[in-house]
Amino acid sequence: MVTVNPYIGSREIAVEIRHLFDSPMDVQADEQWRYVARKKNQRWLWYAIDAATGCILSFVFGRRKEDVCEQLIANLRVFNIRTYYTDDWPSYAAFIPANQHVIGKKYTQKIENKNLLLRTRIKRLTRKTICFSKSELLHDGVIGLFINRHCFQLN
């Protein structure tokens, strides 16, 4: 089952990030995993950020399969994306046009830093811990709420 950000089309979020739709942007995409209930049940968080601001543009939960990557790239089509920066995972190459795709860890430093931030602030994503989710619904909900609050909190 693939879960998408339920707030991707809300009016409040659209007002906050309207400028992102108009100007061309560079996007960094990555994925990270944690298990739910047992180690064999891996749950991957796929997400993309604006390379300039670090704002998370979209995120999807699921397995490390092409259909989940395809959903993430489909969510990003509403933005005016000039370049996608990713690691060398083959799923990205299947859905991103070659002329817009740059592969390499050299260009994904900001999203790797975001991975560290998520692992530091959300104990469920921390490695070598006894804290883990027992259901996919709670796992996705906790991480999704953190991302929405961290990136889109209105002051």
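So that you can map any letter, position 62 of the sequence shown is 64 in this note's numbering, and since no number is skipped, the others follow by simple counting. Idealized CB from N, CA, C, for every residue including glycine.
At a cut-off of 4 residues, the continuous stretches assigned as alpha helix (DSSP H) that sit fully inside the segment 24-103 are 68-78, 92-97.
Shortest Cα-Cα distance from residue 87 to any of 103, 78, 80 involves 103. Collapsing the DSSP output to three states places residue 145 in a helix. Within the DSSP bridge table, the entry for residue 105 names 88 as partners. Collapsing the DSSP output to three states places residue 122 in a helix.
Taking a 10 Å sphere around the C-beta of residue 137, we find fewer than 16 other C-beta atoms and assign the residue as exposed. Taking the Cβ atoms as the reference, residue 89 lies roughly 6 Å from residue 110, within the contact range of under 8 Å. Residue 153 and residue 92 have their C-alpha atoms roughly 28 Å apart.
The beta carbons of residue 70 and residue 48 sit about 6 Å from each other, so the pair counts as a contact at 8 Å. By the 16-neighbour rule on beta-carbons within 10 angstroms, residue 53 is buried. Within the same chain, and ignoring the five residues on either side of residue 78 in sequence, the residues whose Cβ sits closer than 7 Å to its Cβ are 29, 50, 59, 60. Under the three-state reduction of DSSP, residue 112 is assigned to helix.
Burial state of residue 114 is exposed, judged by a 10 Å Cβ sphere holding fewer than 16 other Cβ atoms.
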